[in-house]
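In the order they appear, the protein sequences are chains A and B.
Heads up: the first sequence runs through residues 1 to 314, numbered per UniProt numbering.
Heads up: the second sequence runs through residues 1 to 314, numbered per UniProt numbering.
We put the beta carbon where it would ideally sit given N, CA and C, even for glycine.
Reviewing the structure listed below.
2 protein chains.
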Amino acid sequence: MKLIGVDLGGTTFSVGLVSEDGKILKKVTRDTLVENGKEDVIRRIAEAILEVADGEETPYVGIGSPGSIDRENGIVRFSPNFPDWHNVPLTDELAKRTGKKVFLENDANAFVLGEKWFGAGRGYDHIVALTLGTGIGGGVVTHGHLLTGRDGIGAELGHVVVEPNGPMCNCGTRGCLEAVSSATAIRRFLREGYKKYHDSLVYKLAGSPEKADAKHLFDAARQGDRFALMIRDRVVDALARAVAGYIHIFNPEIVIIGGGISRAGEILFGPLREKVVDYIMPSFVGTYEIVASPLVEDAGILGAASIIKERIGG
Amino acid sequence: MKLIGVDLGGTTFSVGLVSEDGKILKKVTRDTLVENGKEDVIRRIAEAILEVADGEETPYVGIGSPGSIDRENGIVRFSPNFPDWHNVPLTDELAKRTGKKVFLENDANAFVLGEKWFGAGRGYDHIVALTLGTGIGGGVVTHGHLLTGRDGIGAELGHVVVEPNGPMCNCGTRGCLEAVSSATAIRRFLREGYKKYHDSLVYKLAGSPEKADAKHLFDAARQGDRFALMIRDRVVDALARAVAGYIHIFNPEIVIIGGGISRAGEILFGPLREKVVDYIMPSFVGTYEIVASPLVEDAGILGAASIIKERIGG
Numbered sequence: 001m002k003l004i005g006v007d008l009g010g011t012t013f014s015v016g017l018v019s020e021d022g023k024i025l026k027k028v029t030r031d032t033l034v035e036n037g038k039e040d041v042i043r044r045i046a047e048a049i050l051e052v053a054d055g056e057e058t059p060y061v062g063i064g065s066p067g068s069i070d071r072e073n074g075i076v077r078f079s080p081n082f083p084d085w086h087n088v089p090l091t092d093e094l095a096k097r098t099g100k101k102v103f104l105e106n107d108a109n110a111f112v113l114g115e116k117w118f119g120a121g122r123g124y125d126h127i128v129a130l131t132l133g134t135g136i137g138g139g140v141v142t143h144g145h146l147l148t149g150r151d152g153i154g155a156e157l158g159h160v161v162v163e164p165n166g167p168m169c170n171c172g173t174r175g176c177l178e179a180v181s182s183a184t185a186i187r188r189f190l191r192e193g194y195k196k197y198h199d200s201l202v203y204k205l206a207g208s209p210e211k212a213d214a215k216h217l218f219d220a221a222r223q224g225d226r227f228a229l230m231i232r233d234r235v236v237d238a239l240a241r242a243v244a245g246y247i248h249i250f251n252p253e254i255v256i257i258g259g260g261i262s263r264a265g266e267i268l269f270g271p272l273r274e275k276v277v278d279y280i281m282p283s284f285v286g287t288y289e290i291v292a293s294p295l296v297e298d299a300g301i302l303g304a305a306s307i308i309k310e311r312i313g314g
Numbered sequence: 001m002k003l004i005g006v007d008l009g010g011t012t013f014s015v016g017l018v019s020e021d022g023k024i025l026k027k028v029t030r031d032t033l034v035e036n037g038k039e040d041v042i043r044r045i046a047e048a049i050l051e052v053a054d055g056e057e058t059p060y061v062g063i064g065s066p067g068s069i070d071r072e073n074g075i076v077r078f079s080p081n082f083p084d085w086h087n088v089p090l091t092d093e094l095a096k097r098t099g100k101k102v103f104l105e106n107d108a109n110a111f112v113l114g115e116k117w118f119g120a121g122r123g124y125d126h127i128v129a130l131t132l133g134t135g136i137g138g139g140v141v142t143h144g145h146l147l148t149g150r151d152g153i154g155a156e157l158g159h160v161v162v163e164p165n166g167p168m169c170n171c172g173t174r175g176c177l178e179a180v181s182s183a184t185a186i187r188r189f190l191r192e193g194y195k196k197y198h199d200s201l202v203y204k205l206a207g208s209p210e211k212a213d214a215k216h217l218f219d220a221a222r223q224g225d226r227f228a229l230m231i232r233d234r235v236v237d238a239l240a241r242a243v244a245g246y247i248h249i250f251n252p253e254i255v256i257i258g259g260g261i262s263r264a265g266e267i268l269f270g271p272l273r274e275k276v277v278d279y280i281m282p283s284f285v286g287t288y289e290i291v292a293s294p295l296v297e298d299a300g301i302l303g304a305a306s307i308i309k310e311r312i313g314g
């Protein structure tokens, strides 16, 4: 049996045909065109599913969506990326149009499931996963099971406070991990830093303070730029406090970090691993690994496909 | 069937005979006398078990112990309270002496189980519990199951960083919840505050800065003492950030706070509930309760007895 995974994003969506062992056999990516309305988006997702499934036995579809999800009933309650989506019965709508059984999960939960079934989490029962991108998403597998909480809205690992009275977060609280260590936070630090540090390499690499982003930051840090290293340290220190907290809470075998920022490599992971040791109790030293997600650009589709594995059993 | 619960502490231990519905029918409390060596302590616990069990059908014993526990094998790996205890096979030793099947759990895990089976957590599948005492312990039930992690050392909820670069914690990190919101931290704040705030009501109630503790703090705060309210606010603010984090992570039905400090009542819980709302995302508002443990001084024995319920099924 092959799996179909749908990675639904605010700008594009991707649909992939995935083998049982996590290879992407076929893939289409389309513009989401949220502005055309939800009916149109759903219709085009269904078309892409049928296109990708052509001729294959694919009774199941998994879909990972941003926003607040009713996972039991397959409903997107609301999503900042889709202003006109309120309580959309996404799985029913897609099932009607494709004849397949559809499972829905929050995209960060799908990410940790993808790692569990096809990525760095294979063989582990205790996994903490963070996606560092525009926002910071979290997913947790504990004692072999996805942690979702009473209403399915748990594992919001990006919204623990790491800098009391720190920068304002989109969620309305100050100093959340997302407000310090996300790509958005880094762009804001770089814009704000220009006045004082305008001769930093970051701005030369970026061309202008408005264009400066996480990639420029880590590239400049790798070359020893003082300002870039200062921002890098702030981002890593906050992340290390959060990760150390998750290690204390979940006693995981592995902490997997994905999203765009995870591609920074050792300039991020080196000091992160060191700092986490500073922040944990001695009894936790040596109990975990911290790794970058190996799934990279396939994480979305593989995560979505793995929802099927999780729901029907591997 | 009746249950036997053993609450093992560094100063005293208590053994109780507990009914299926969580009433303590008989109870003995003895000095632990750690200085007499572990053989003697174990022998006297076994005697107390047999004394309490006299004439009753009690095939099982649950024991809650501080320190690092190998819950699967019933071994106390080490415990700060018992300097000569290293990898002590406590359940085997007690089983040999009593003829009963013995289950061992970390005391903070026993606390959340006690709440689940006999306290404020009855009927809930998602419970976060904190004990605010000399240290801060944590226990979590998520999706109906006790969270222990890979090595059984998870749910260390007292060791998340709430004040970066804050007071040094016993665990070696700065600014842990335990270093700000435990009874020990409060005593330290009160000693340190004497120089500047020596006319505070706290010190009048206590008699001397050395004697000032959490009870004096909350009593003075209730009477509007400015210094006491300042310390209360710091303690509550740190606790609120941690609790908000746990709500984001576990999406629990209930957060239960026990230990000596939980007896402070509204002077603690009123501002705590308000502050937590400030720190959580809007989608979590109204999803949880925050309550004081109703088990009070019986929490230790009932928690220990509930380990039996958890292991053999209620």
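- Three or more pairs of CB atoms, one per stretch, sit closer than 8 Å, so the stretch 230 to 250 of chain A contacts the stretch 157 to 173 of chain B.
- In the three-state reduction of the DSSP assignment, lysine 2/A falls in the coil class, being assigned neither a helical nor a strand state.
- Contact annotation: glycine 139/B and phenylalanine 111/B have beta-carbon atoms nearer than 7 Å.
- For glycine 224/B, the closest of Leu201/B, Ala292/B, Gly207/B by C-alpha to C-alpha distance is Leu201/B.
- Looking at the DSSP output, threonine 131/A shares a beta bridge with Gly137/A, Gly258/A.
- The residue from Phe118/A, Asp107/A, Ile153/A with its alpha-carbon nearest to that of histidine 126/B is Ile153/A.
- Bounds of the alpha helix (DSSP H) holding leucine 90/A are 90 to 98.
- Residues of chain A whose Cβ lies closer than 7 Å to the Cβ of valine 160/B are, in chain order, Gly245, His248.
- If you check each beta-carbon in the stretch 283 to 312 of chain A against every beta-carbon of chain B, the ones closer than 9 Å belong to Ser283, Phe284, Thr287, Tyr288.
- For asparagine 106/A, there is no enclosing alpha helix (DSSP H); the residue is found in the beta strand (DSSP E) stretching over 101 to 106.
- For the stretch 59 to 81 of chain A, the set of residues with a beta-carbon nearer than 8 Å to any beta-carbon of chain B comprises Ser68, in chain order.
- The closest CA to that of threonine 184/B, considering only Leu229/B, Ile290/B, Leu132/B, is found on Leu132/B.
- Residue burial annotation: lysine 275/A is buried, with at least 16 other C-beta atoms found within 10 angstroms of its C-beta.
- Contact holds between the stretch 258 to 276 of chain A and the stretch 213 to 227 of chain A, because three or more Cβ pairs, one in each stretch, are under 8 Å apart.
- With a threshold of 7 Å between beta carbons, arginine 150/A makes contact with chain B.
- Between the alpha carbons of serine 306/B and tyrosine 194/B lies a distance of about 43 Å.
- Within the stretch 194 to 220 of chain B, no residue places its CB atom closer than 9 Å to a CB of chain A.
- The three-state secondary structure of alanine 120/A, taken from DSSP, is coil.
- Taking 7 Å as the cut-off, the Cβ atoms of valine 160/A and glycine 22/B do not count as close.
- Taking C-beta atoms as the reference points, glycine 114/B and alanine 292/B fail to come closer than 7 Å.
- For arginine 30/B, the uninterrupted beta strand (DSSP E) run begins and ends at 24 to 31, by DSSP.
- The C-alpha of glutamate 178/A is placed about 27 Å away from the C-alpha of glycine 62/A.
- By the Cβ neighbour-count rule, arginine 187/A is buried, with 16 or more other Cβ atoms within 10 Å of its own.
- Proximity of arginine 187/A to chain B, defined by a Cβ-Cβ separation below 7 Å, is not satisfied.
- Judged by beta-carbon spacing, tyrosine 279/B lies within the 7 Å limit of threonine 173/A, meaning their Cβ atoms are closer than that value.
- The alpha carbon of isoleucine 24/A has as its nearest neighbour, out of Ile247/A, Asn251/A, Asp7/A, the alpha carbon of Asp7/A.
- Secondary structure of glycine 16/B (DSSP, three-state): strand.
- Three or more Cβ pairs closer than 8 Å define a contact, and the stretch 228 to 235 of chain A falls short of that threshold against the stretch 88 to 108 of chain A.
- Here threonine 184/B carries a helix assignment [DSSP, helix/strand/coil].
- Annotation note: the stretch 189 to 239 of chain A contains the following uninterrupted alpha helix (DSSP H) runs of length 4 or greater, listed N- to C-terminal: 201 to 206, 214 to 222.
- For threonine 131/B, no chain A residue has a C-beta closer than 9 Å to its own C-beta; the minimum C-beta separation is roughly 15 Å.
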